[in-house]
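Note that the working numbering has the sequence shown beginning at 205, numbered continuously upward.
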Amino acid sequence: MKNTDMEQNIKEVLVDEETIARTVKELGKQITEDYKGKELIVVGILKGAIMFLSDLVREVKIPLILDFMSVSSYGDSTQTSGAVRFLKDLEVSIEGKHVLIVEDIVDTGLTFNYLLDNLRSRKPASLKTCTFLDKPSRRKADVQVDYKGLEVPDEFVVGYGLDFAEEYRNLPYIAVLKPEVYENK
Ligand code: IMP
Ligand code: MG
Numbered sequence: 205m206k207n208t209d210m211e212q213n214i215k216e217v218l219v220d221e222e223t224i225a226r227t228v229k230e231l232g233k234q235i236t237e238d239y240k241g242k243e244l245i246v247v248g249i250l251k252g253a254i255m256f257l258s259d260l261v262r263e264v265k266i267p268l269i270l271d272f273m274s275v276s277s278y279g280d281s282t283q284t285s286g287a288v289r290f291l292k293d294l295e296v297s298i299e300g301k302h303v304l305i306v307e308d309i310v311d312t313g314l315t316f317n318y319l320l321d322n323l324r325s326r327k328p329a330s331l332k333t334c335t336f337l338d339k340p341s342r343r344k345a346d347v348q349v350d351y352k353g354l355e356v357p358d359e360f361v362v363g364y365g366l367d368f369a370e371e372y373r374n375l376p377y378i379a380v381l382k383p384e385v386y387e388n389k
């Protein structure tokens, strides 16, 4: 990809920067209310959640601990297969702590499902989920989403952390690429 191609390859902006900021602020407010007086560990799922996570935690006005997990789902660049491979585990213990997992997008739900099973076995005091985007039409696993930013239609989206074949994460908004871009990978 040439540097100049990024914006030329966009078909449509689905969520602009202003909407992102407003949505994140609202989620941060809810989380602040719900976790007052509790020991909160926020777990970001690399790499997709980093933009959302860094904006979100700055809207959460209580002390918290940040940690990360990195998983990779087997499958091609636009489809998850459901099999998840651990690339990086947490550095802190979550036993007895209130844990909030933060994802970029829940699609089939298979990744969240796997992570929830794994983290539940470590005996946190509570375990909740937060995602910036939700594609409910594609759900295969019955996962509970406790904090949700926005719903998106069944289209492959990029930007604000979300990638297509590792590119486009640095777009400051959520967009859909032109069909030929997806076809040519
Ligand atoms: P799930 O296991 O099908 O819910 O997929 C979750 C993961 O797949 C997300 O964390 C993303 O990394 C990736 N993913 C799902 N849909 C999209 C999309 O539209 N754009 C970019 N990545 C996506
Ligand atoms: Mg991801």
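Even glycine gets a Cβ: it sits at the ideal position worked out from N, Cα and C.
Any C-beta of chain B under 8 Å from that of residue i
{"i": "Glu299", "result": "Among the chains of the structure shown, chain B does not appear; only one protein chain is present."}
Contact check, residue i vs residue j, beta carbons under 8 Å
{"i": "Val247", "j": "Ile305", "result": "yes"}
{"i": "Leu381", "j": "Val362", "result": "yes"}
{"i": "Leu320", "j": "Leu337", "result": "no"}
{"i": "Leu270", "j": "Val261", "result": "yes"}
Cβ-based burial, residue i [other Cβ within 10 Å; buried from 16]
{"i": "Glu307", "result": "buried"}
{"i": "Ala329", "result": "exposed"}
{"i": "Gly241", "result": "exposed"}
{"i": "Gly353", "result": "buried"}
{"i": "Val303", "result": "buried"}
Residues near residue i in its chain [Cβ-Cβ closer than 6 Å; skip 5 each side]
{"i": "Ile378", "result": "Leu218, Val219, Val361, Gly363, Tyr364"}
{"i": "Ser325", "result": "none"}
{"i": "Leu257", "result": "Gly248, Val306"}
First and last residue of the uninterrupted alpha helix (DSSP H) at residue i
{"i": "Val385", "result": "383-387"}
{"i": "Asp259", "result": "254-261"}
{"i": "Glu222", "result": "221-238"}
{"i": "Asp209", "result": "209-212"}
{"i": "Asp321", "result": "314-324"}
Sequence-distant residues of the same chain with beta carbon closer than 7 Å to residue i, five excluded per side
{"i": "Lys215", "result": "Val380, Leu381, Lys382"}
{"i": "Val264", "result": "Gly232, Ile235, Thr236"}
Residue range of the beta strand (DSSP E) that includes residue i
{"i": "Asn268", "result": "Per the sequence shown, residue 268 should be read as Leu rather than Asn. Run containing Leu268: 268-277, per the beta strand (DSSP E) assignment."}
{"i": "Leu291", "result": "288-292"}
{"i": "Phe368", "result": "Premise fails: Phe368 is in no beta strand (DSSP E) and is neither H nor E."}
{"i": "Glu243", "result": "First-last for Glu243: undefined, no H or E at that position."}
{"i": "Ile305", "result": "302-310"}
Near the ligand GTP: residue i beta-carbon under 7 Å from a heavy atom
{"i": "Lys339", "result": "With respect to the ligand GTP, the structure offers nothing, as its ligand set consists of the ligand IMP and the ligand MG."}
Sequence-distant residues of the same chain with beta carbon closer than 8 Å to residue i, five excluded per side
{"i": "Glu221", "result": "Pro376, Tyr377"}
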